[in-house]
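Residue numbers (mature numbering (1 follows the signal peptide of the UniProt record, and there is no 0)): -28 to -1, 1 to 135.
Structure follows, in structure tokens:
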């Protein structure tokens, strides 16, 4: 029994050591640019990533600037929907004591109120979509900034080797 525990412990230690070695070797080999000759390729990728970052920053700024307009539209649509609902309610009250024409007017006002409520819902969906767009752009921007940092590290290692 003691022998099997000892063997299991040794096996676990060997497996852990192999995993650690493999992980370190993968990390060391993950650097794409390693030699001074790779500097041109590194600089090209660096420029592309920087351009991507500038584009993402522009798109993110546009998305953030559009958000207040969408929120203002929702507020306006909400006011219109409330007004239409009140008019519909008033028309329905008149229709209960009135004739067929009053009932038709009440139905039109009710349909208008429903349409206005749907417009509010659509405007709220646009805000939700815009917030998702902002999150997506922010995530992409963080990835590109991380890549720039990695490229900076590779560049510093290459220049350290060149001296």
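By construction, the Cβ of each residue, glycine as well, lies at the ideal position given by its N, Cα and C atoms.
Since this is a predicted model, take the numbers as computed values, not measurements.
Judged by their CB atoms, residue 49 and residue 95 are nearer to each other than the 9 Å cut-off. In the same chain as residue 39, and ignoring 5 residues on each side of it, the C-beta atoms closer than 6 Å to its own belong to 102, in chain order. If you look at residue 16, you'll find it in the alpha helix (DSSP H) that goes 11 to 69. DSSP places residue 129 within a helical segment (H, G or I) once states are collapsed to three.
Taking C-alpha positions only, residue 26 is separated from residue 130 by approximately 26 Å. In the three-state scheme derived from DSSP, where H, G and I count as helix and E and B as strand, residue 7 is classed as coil. Only exposed fits residue 16, as fewer than 16 other CB atoms lie within 10 angstroms of its CB. Measuring C-alpha to C-alpha distances from residue 44 to each of 98, 71, 113 and 5 identifies 98 as the nearest. Nearest to residue 53 by alpha-carbon distance, out of 63, 62, 42 and 86, is 86. Inclusion of residue 123 and residue 12 in the CB contact set at 9 Å is not warranted, their separation being larger than that value.
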